[in-house]
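Asks:
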Amino acid sequence: MFERLQNNRNVLGWLFMMPAAVLLLLFLTYPLGLGTWLGFTDAKVGRAGEWIGIENFSFLVGDSVTRLALFNTLFYTTVASVLKFALGLWLALLLNKNLPFKSFFRAVVLLPWIVPTALSAIAFWWIYDSQFSIISWVLVKMGIIDTYIDFLGDPWNARIATIVANVWRGVPFVAISLLAGLQTISPSYYEASAIDGATPWQQFRHVTLPLLSPIIAVVMTFSVLFTFTDFQLIYVLTRGGPLNATHLMATLSFQRAISGGALGEGAALATMMVPFLLAAIMFSYFGLQRRAWQQGGDK
Numbered sequence: 007m008f009e010r011l012q013n014n015r016n017v018l019g020w021l022f023m024m025p026a027a028v029l030l031l032l033f034l035t036y037p038l039g040l041g042t043w044l045g046f047t048d049a050k051v052g053r054a055g056e057w058i059g060i061e062n063f064s065f066l067v068g069d070s071v072t073r074l075a076l077f078n079t080l081f082y083t084t085v086a087s088v089l090k091f092a093l094g095l096w097l098a099l100l101l102n103k104n105l106p107f108k109s110f111f112r113a114v115v116l117l118p119w120i121v122p123t124a125l126s127a128i129a130f131w132w133i134y135d136s137q138f139s140i141i142s143w144v145l146v147k148m149g150i151i152d153t154y155i156d157f158l159g160d161p162w163n164a165r166i167a168t169i170v171a172n173v174w175r176g177v178p179f180v181a182i183s184l185l186a187g188l189q190t191i192s193p194s195y196y197e198a199s200a201i202d203g204a205t206p207w208q209q210f211r212h213v214t215l216p217l218l219s220p221i222i223a224v225v226m227t228f229s230v231l232f233t234f235t236d237f238q239l240i241y242v243l244t245r246g247g248p249l250n251a252t253h254l255m256a257t258l259s260f261q262r263a264i265s266g267g268a269l270g271e272g273a274a275l276a277t278m279m280v281p282f283l284l285a286a287i288m289f290s291y292f293g294l295q296r297r298a299w300q301q302g303g304d305k
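Everything in the sequence shown is counted per my numbering, starting at 7 for the first residue and increasing by one.
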């Protein structure tokens, strides 16, 4: 009986999956379920709280700061994801060419991604400092500006500054992932298209993009999820300021739940992020990862 179970692929598959399933249950499913439950209570720090239904959600829908945080999150995610995709794809195409010291450049590109987020944020905090900014110093010395730029004190300057920091950190992940996808495309496709008279742009449009689309879908889905739920970079760099101009849903949830002590309200804010994350996953699954694209065929 035991030997029969050992030779059963389904049983072995379940046994190998059990450790990962237990970890997901403990560290993902349970916190998600607890957070959702707290969102429907008036729990405070040090007090369990009672069931209040959708009162937290009703309050947050009418809260101006929450609406601003939602706008900031969508703006931050959209702009940063588009820039990371464009720059990452360009960098991947560049690194895929026969360049001298190609391996060295590929390793260097990864540095922004492997550096801890908190250290990156501190570095950008000094770069954007209102008195000691290297950017402002260079621009003043070049005669382009007269006074130092207040990067983190002006709402829109702060939004752009945080996006630049996120793009700098996220481009390596997109570039290296797309580069791995480019390595799987057979050179014979390009040779055949060149024989047919295809230009470099036509090769990119009709060969590279269709065959790279499944990788793009997966990479950009993860990029959107990472950007939408970004916390460390914003918290270290601006703490949501100035005037809540850089508060994302994640940072506002932390502020309300931990700093403010309103666990129920903060949990409700975090729960409100879930539909947007599911929408991003569904868009990737149903829109970008269709079977025809995976096979390099027509839509």
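All residues carry an ideal CB built from backbone N, CA and C; glycine is no exception.
What does the alpha-carbon distance come out to for the pair THR214 and GLN261?
Replies: The sequence position of residue 214 within the sequence shown is 208, counting from 1. The sequence position of residue 261 within the sequence shown is 255, counting from 1. Their Cα atoms are separated by approximately 44 Å.
Asks: Taking the C-alpha atoms as reference points, what is the distance between GLY247 and ALA164?
Replies: Here residue 247 refers to the residue found at position 241 of the sequence shown. Here residue 164 refers to the residue found at position 158 of the sequence shown. One C-alpha to the other measures close to 8 Å.
Asks: Ordered along the chain, which non-local residues of its own chain (more than five positions away) have a Cβ less than 6 Å from that of ARG175?
Replies: By 1-based counting over the sequence shown, the position of residue 175 is 169. Hits under 6 Å: PRO118 and SER126.
Asks: Only counting runs of 4 or more residues, tell me where the alpha helix (DSSP H) segments fall wholly within the region 15 to 93, in order along the chain.
Replies: Those alpha helix (DSSP H) runs which fall completely within the region 15 to 93 and span 4+ residues are 15 to 30, 36 to 45 and 61 to 67.
Asks: Let me know the secondary structure DSSP gives PHE210 once reduced to three states.
Replies: Residue 210 sits at position 204 when you count from the first residue of the sequence shown. Reduced to three states, the DSSP call for PHE210 is helix.
Asks: Can you tell me which of THR84, THR47, SER139 and LEU101 puts its alpha carbon nearest to the alpha carbon of VAL173?
Replies: Position 167 of the sequence shown, counting from 1, holds the residue named residue 173. Out of THR84, THR47, SER139 and LEU101, THR84 has the C-alpha closest to the C-alpha of VAL173.
Asks: Can the beta-carbon of GLY45 be found less than 7 Å from the beta-carbon of ALA273?
Replies: In the sequence shown, residue 45 corresponds to position 39, counting from 1. In the sequence shown, residue 273 corresponds to position 267, counting from 1. Yes. Within cutoff.
Asks: I'd like to check one pair, PRO178 with LEU100: are the Cβ atoms closer than 7 Å?
Replies: Looking up residue 100 in the sequence shown gives position 94. Looking up residue 178 in the sequence shown gives position 172. For LEU100 and PRO178, no; Cβs fall outside 7 Å.
Asks: For TRP131 and TYR241, what's the separation of their Cα atoms in angstroms?
Replies: To locate residue 131, count along the sequence shown from 1; it is residue 125. To locate residue 241, count along the sequence shown from 1; it is residue 235. Going from the Cα of TRP131 to the Cα of TYR241 covers about 11 Å.
Asks: Quick one: Cα of SER290 to Cα of SER265, how far?
Replies: On the sequence shown, position 284 is the one that residue 290 refers to. On the sequence shown, position 259 is the one that residue 265 refers to. When rounded, the distance between both Cα atoms is 35 Å.
Asks: Might you give, ordered along the chain, the residues of its own chain that have their beta carbon closer than 8 Å to the beta carbon of ILE191, omitting 5 neighbours on each side?
Replies: Locating residue 191 in the sequence shown gives position 185, counting from the first residue. The answer, listed in chain order, is VAL213, THR214, LEU217 and LEU218.
Asks: Helix or strand or just coil, what does DSSP make of THR153?
Replies: Sequence index remark: in the sequence shown, residue 153 carries index 147 (1-based). It is coil, neither helix nor strand.
Asks: GLY187 to THR47, Cα distance in whole Å?
Replies: Locating residue 187 in the sequence shown gives position 181, counting from the first residue. Locating residue 47 in the sequence shown gives position 41, counting from the first residue. In a straight line, the C-alpha of GLY187 is about 46 Å away from that of THR47.
Asks: Please state whether the Cβ-Cβ distance between ALA171 and LEU239 is less than 7 Å.
Replies: Stepping through the sequence shown from its first residue, residue 171 is reached at position 165. Stepping through the sequence shown from its first residue, residue 239 is reached at position 233. Contact: yes.
Asks: How long is the line joining the alpha carbons of ALA268 and ILE150, rounded to whole angstroms?
Replies: The count along the sequence shown starts at 1 and reaches residue 268 at position 262. The count along the sequence shown starts at 1 and reaches residue 150 at position 144. If I take the Cα positions, the gap works out to 47 Å.
Asks: Compute the Euclidean distance between the alpha carbons of PHE111 and ALA204, then round it to the nearest angstrom.
Replies: By 1-based counting over the sequence shown, the position of residue 111 is 105. By 1-based counting over the sequence shown, the position of residue 204 is 198. Their Cα atoms are separated by approximately 30 Å.
Asks: Could you compute how far the alpha carbon of GLY55 sits from the alpha carbon of VAL71?
Replies: Here residue 55 is taken as the residue at index 49 of the sequence shown, counted from 1. Here residue 71 is taken as the residue at index 65 of the sequence shown, counted from 1. Each residue's Cα considered, the two are about 24 Å apart.
Asks: Is the separation between the beta-carbon of PHE91 and that of MET226 shorter than 7 Å?
Replies: Residue numbering aside, residue 91 sits at position 85 when the sequence shown is read from its first letter. Residue numbering aside, residue 226 sits at position 220 when the sequence shown is read from its first letter. The answer is yes: Cβ separation under 7 Å.
Asks: Express the C-alpha separation of ILE133 and PHE157 in angstroms, rounding to a whole number.
Replies: The residue you call residue 157 lines up with position 151 of the sequence shown. The residue you call residue 133 lines up with position 127 of the sequence shown. The alpha-carbon atoms of PHE157 and ILE133 are separated by roughly 9 Å.
Asks: What number of angstroms, rounded off, separates the C-alpha of PHE22 from the C-alpha of PHE33?
Replies: Along the sequence shown, read from residue 1 onward, the residue named residue 22 stands at position 16. Along the sequence shown, read from residue 1 onward, the residue named residue 33 stands at position 27. Between PHE22 and PHE33, the C-alpha separation is close to 18 Å.
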